[in-house]
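Engineer: Questions regarding the structure given below will be posed in turn.
Numbering (my numbering), first residue to last: 19 to 281.
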């Protein structure tokens with residue numbers, strides 16, 4: 019009988035240990051599920067884009083391009099849940115202004131007035147100095163002009179501009195000062211390139227790295243256009259993510275830490 023009591027006293031702790039192990043395993047599983055659920059319930063940020071080669075293009079479930087690629091990769095590296103959505107530029111800006119959701123725009127130049135209703139990230143890209151894109155048919159009308167100021171002062175030349183768009187602070191200031199004749203559109207860049215080609219406006223401002231790609235993406239050929247570059251054109255501006263104020267500062271910090279661009 020003594021031996022049986024000894025066996026029972028040794029078996030009981032083992033049973034308790036097994037029971038405790040099961041309870042701890044279940045608790046651990048519950049914590050893991052809760053952690054996963056917490057990550058899954060983090061509200062995604064809507065990353066808006068327009069098809070604008072070579073800056074941003076859809077690729078599978080993500081984005082590629084000079085600004086689209088670094089922006090999308092920053093969200094992935096920072097582990098910020100993101101929803102990619104194709105949205106017209108003017109509507110994107112409206113979403114940020116009304117601050118109704120968690121929204122970000124790609125490749126935006128800094129403007130002080132926008133900092134009142136939105137948040138800029140660190141730079142994701144820097145443009146080359148802008149140039150003038152005109153049609154071959156109208157190139158001769160620019161022959162006597164030595165600077166962009168000369169062009170802006172020629173009121174017979176019509177500049178095509180996008181509604182609500184910034185061309186960088188220096189060029190925005192020159193446009194405001196010299197008041198070139200303008201035609202405003204809500205169309206995206208590829209449609210604007212077509213408008214220049216078919217004479218609906220005389221010229222538009224564009225970074226040289228965009229011009230050749232945009233012309234071909236618009237279904238046109240480079241020989242139908244002229245790129246006019248002035249040595250005294252303001253330097254290329256930095257492009258940023260621009261996010262609504264609803265996007266938490268902590269998320270912006272994570273994105274900034276994930277952005278790889280160096281000035």
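Backbone N, C-alpha and C fix where the C-beta goes; we use that ideal spot for every residue, glycine too.
All values derive from a computational prediction rather than experimental measurement.
Relative to the alpha-carbon of residue 193, which residue among 207, 166, 174 has its alpha-carbon at the smallest distance?
Structural biologist: The residue with the shortest Cα to Cα distance from residue 193 is 166.
Engineer: Measure the C-alpha to C-alpha separation of residue 232 and residue 211 and round it to an integer number of angstroms.
Structural biologist: Looking at the two C-alpha atoms, the distance is approximately 7 Å.
Engineer: I need the DSSP call for residue 65, collapsed to helix, strand or coil.
Structural biologist: Strand.
Engineer: Look up residue 146 in the DSSP assignment and say whether it is helix, strand or coil.
Structural biologist: If DSSP states are grouped into helix, strand and coil, residue 146 belongs with coil.
Engineer: Could you tell me which uninterrupted beta strand (DSSP E) segments, each at least 3 residues in length, are contained entirely in the segment 81–168, listed from first to last along the chain?
Structural biologist: The segment 81–168 contains these whole beta strand (DSSP E) runs: 100–104, 121–126, 136–144, 149–153.
Engineer: State the start and end residues of the unbroken alpha helix (DSSP H) segment that holds residue 77.
Structural biologist: From DSSP, residue 77 is part of no alpha helix (DSSP H) but of the beta strand (DSSP E) over 75–77.
Engineer: Please state the DSSP three-state secondary structure of residue 180.
Structural biologist: Residue state, collapsed to three classes: strand.
Engineer: Give the DSSP-derived three-state secondary structure of residue 51 in the structure shown.
Structural biologist: With a pLDDT of only 30 at residue 51, under the threshold of 50, the placement of this residue in the model should not be trusted, and no figure is reported.
Engineer: Based on the DSSP output, what are the partners of residue 203 in its beta bridges?
Structural biologist: Per DSSP, 180.
Engineer: Among the residues of its own chain, which have a CB less than 6 Å from the CB of residue 273, if the five just before and after it don't count?
Structural biologist: Once the five neighbours on either side are set aside, the close Cβ partners of residue 273 are 92, 96, 139.
Engineer: Spell out the partners DSSP gives residue 223 in its beta bridges.
Structural biologist: Residue 223 is bridged to 150.
Engineer: Taking its Cβ as the centre, do 16 or more other Cβ atoms sit within 10 Å of residue 269, making it buried, or is it exposed?
Structural biologist: Buried, by the Cβ-count rule.
Engineer: Anyone know if the C-beta pair for residue 201 and residue 169 falls short of 7 Å?
Structural biologist: Result no, Cβ atoms of residue 201 and residue 169 do not sit closer than 7 Å.
Engineer: Assign residue 213 to one of three DSSP states: helix, strand, or coil.
Structural biologist: Correct three-state label for residue 213: helix.
Engineer: Over what stretch of residues does the alpha helix (DSSP H) that includes residue 271 continue unbroken?
Structural biologist: Here the alpha helix (DSSP H) through residue 271 covers 267–276.
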